[in-house]
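Working notes, structure below.
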Amino acid sequence: MQRTNLSFAPASPAASSPREQPAPGGLCAIHQPNLFPRLTTLAKLFAADYWIVLDDVQFTRRDYQHRARLAAIDAPGRQLWLSIPTHLPSGRSTLIRDALIDDAELARRRTAGMLRQHFGTSPHWRSLAQALDPVLDSFATGRTAVIAETSTRVLLDLLGWRGRILRSSVLSARPGRSLRLADLAAATGARAYLCGTGGMTYLDPVPFAARNITVAAFRPPTTGIWSTARRLSALWALASLGPDALDSRLRAVADDHAALGATALELRSSATSV
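For reference, each letter of the sequence shown is one residue, going 1 to 274 in the UniProt record's numbering.
Rendered as structure tokens:
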């Protein structure tokens, strides 16, 4: 996959400002901040040149914004939820970015303990634990979304991702699910939008076509480490294989989707020029 030559930087309001936006081109993924995301989610973001953090939509307790499914290194079938107790100041209408942690220090200690319990026997644990320190530090913000976003950024950084992160809350977009996603993707100048299988069931491609953006379905493998990729946090694969080996797996998937996105765009360009 030909990746943009952009250095990784932590997401911040400055990183999302218009003057900081990357050069046009590449693939865009839009996704809520997830706590230690599943391997499929991490792979989709890794395949993209831009990740727009969807932080200004409603918080969903049954989603992955404040929880992750962990498994022991030697027993992936033995699974346990890691959850951050979260308070919603505005009830069910609370936006993701406004969700608050209940007892941040206790949640931090519990998270650190569960991570060590599940992955402490990994030969990669020492370097992994050091890389995860910023996630534990982010509990001091008191905001669940900050922890979730940080956990994803740390994993992407550890795997050598060279893309850029923006936030939906600072980008202009029209209302309407597909219209909004198309406008957000267009803000990056991306040539293609990577869409998960769930999103493909409701997404209207017309607003994207109007922006000259191809909608590319993200379909990762389903065997080997990918057999549990839709359920388990990517931490399991990372602790099992190590950053270098997992990077190779994700890069292969990313290359496949980059080629599909480029082919789809060429086909549409040819059709419109006829």
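Just so you know, even glycine gets a beta-carbon here, dropped at the ideal spot from N, CA and C.
> Which one of Q32, L39, H31, A48 has the shortest CA to CA distance from D256?
Replying inline: A48
> Tell me, which residues are paired with Y202 by DSSP?
Replying inline: Answer is none; Y202 lacks a bridge partner.
>> Could you give the first and the last residue of the continuous beta strand (DSSP E) run that contains S83?
In response: 75–83
> Does the stretch 58–66 come within contact of the stretch 170–179, defined as at least 3 CB pairs closer than 8 Å?
Replying inline: no
> If you scan the stretch 163–223 from start to end, which runs of the alpha helix (DSSP H) of 4 or more residues do you find wholly inside it?
Replying inline: 177–188, 197–200, 206–210
>> Could you tell me the alpha carbon to alpha carbon distance between P22 and A186, rounded to whole angstroms?
In response: Per-residue confidence for P22 stands at a pLDDT of 48, beneath the threshold of 50, marking its modelled position as unreliable; the derived number appears in the next sentence. Looking at the two C-alpha atoms, the distance is approximately 12 Å.
> Cβ of G176 within 7 Å of any heavy atom in the ligand SAH?
Replying inline: Although the ligand SAH was asked about, the structure shown includes no ligands whatsoever.
>> For the pair the stretch 40–57 and the stretch 75–94, tell me if three or more CB-CB distances fall below 8 Å.
In response: no
>> Can you list, in chain order, the residues of its chain with a C-beta nearer than 7 Å to that of G142? Leave out the 5 residues immediately preceding and following it.
In response: L100, I101, A104
> In its own chain, which residues sit with a C-beta less than 8 Å from the C-beta of C195, not counting the 5 before and 5 after it?
Replying inline: L203, V215, A216, A217, F218
>> Just checking: is the beta-carbon of A237 within a distance shorter than 8 Å of some beta-carbon in chain D?
In response: Considering every chain present, this structure includes no chain D. It has just one protein chain.
> With R67 and I52 assumed to form a contact (beta carbons below 8 Å), what rounded beta-carbon distance in angstroms separates them?
Replying inline: Not quite, the Cβ-Cβ distance comes to about 22 Å (not below 8 Å), so this is no contact.
>> According to DSSP, simplified to helix, strand and coil, what is S233?
In response: strand
> With DSSP run on the structure shown, which of helix, strand or coil describes D256?
Replying inline: helix
> Considering K125, what are the terminal residues of the alpha helix (DSSP H) in which it resides?
Replying inline: Checking the sequence, you will find Trp at residue 125 rather than Lys. Here the alpha helix (DSSP H) through W125 covers 125–131.
>> Quick check on the DSSP output: the alpha helix (DSSP H) that includes A43 runs from which residue to which?
In response: Residues 39–47.
> Is the beta carbon of S122 less than 8 Å from the beta carbon of I73?
Replying inline: For S122 and I73, yes; Cβs fall inside 8 Å.
>> Please report the straight-line C-alpha distance between F208 and Q117, rounded to a whole angstrom.
In response: 45 Å
> Are the beta-carbon atoms of L159 and P243 separated by less than 8 Å?
Replying inline: yes
> From R97, Q79, L156, T152, pick the residue whose C-alpha is nearest to that of H87; which is it?
Replying inline: R97
> Where does T94 sit, in a helix, a strand or coil, going by DSSP?
Replying inline: Assignment of T94 by DSSP, reduced to helix, strand and coil, places it in the coil class.
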